[in-house]
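Take a look at the structure set out below.
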């Protein structure tokens with residue numbers, strides 16, 4: 206499985222905002238806001254992490 210840093214930038218740049226919009230709609234419909242926040246924190250931490258560094 207490839208890491209996020211191994212993916213082409215353009216498709217990733219288009220997918221991430223769509224995922225954020227879906228998460229916002231899910232929360233607005235009564236989804237788990239705290240769970241979504243934790244998942245987003247994990248995702249952003251992974252994007253900030255330099256390739257090859259331990260997670």
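Numbering (the numbering used here), first residue to last: 206 to 260.
Every residue gets a Cβ at the ideal spot worked out from N, C-alpha and C, and that includes glycine.
Determine whether the beta carbon atoms of residue 228 and residue 241 lie at a separation below 7 Å.
To locate residue 228, count along the chain shown from 1; it is residue 23. To locate residue 241, count along the chain shown from 1; it is residue 36. Their beta carbons are under 7 Å apart, which means residue 228 touches residue 241 by this criterion.
Is the beta carbon of residue 224 sitting closer than 7 Å to the one on residue 232?
Stepping through the chain shown from its first residue, residue 224 is reached at position 19. Stepping through the chain shown from its first residue, residue 232 is reached at position 27. Against a cut-off of 7 Å, the Cβ pair of residue 232 and residue 224 comes out as no contact.
Just how far apart, CA to CA, sit residue 218 and residue 246?
To locate residue 218, count along the chain shown from 1; it is residue 13. To locate residue 246, count along the chain shown from 1; it is residue 41. Distance between the alpha carbons of residue 218 and residue 246: 17 Å.
Quick check: the Cα distance between residue 226 and residue 235, rounded to an integer number of angstroms?
Position 21 of the chain shown, counting from 1, holds the residue named residue 226. Position 30 of the chain shown, counting from 1, holds the residue named residue 235. For residue 226 and residue 235, the distance between alpha carbons rounds to 15 Å.
Does residue 237 come out as helix, strand or coil in the three-state DSSP assignment?
Along the chain shown, read from residue 1 onward, the residue named residue 237 stands at position 32. Note: residue 237 maps to coil in three-state DSSP.
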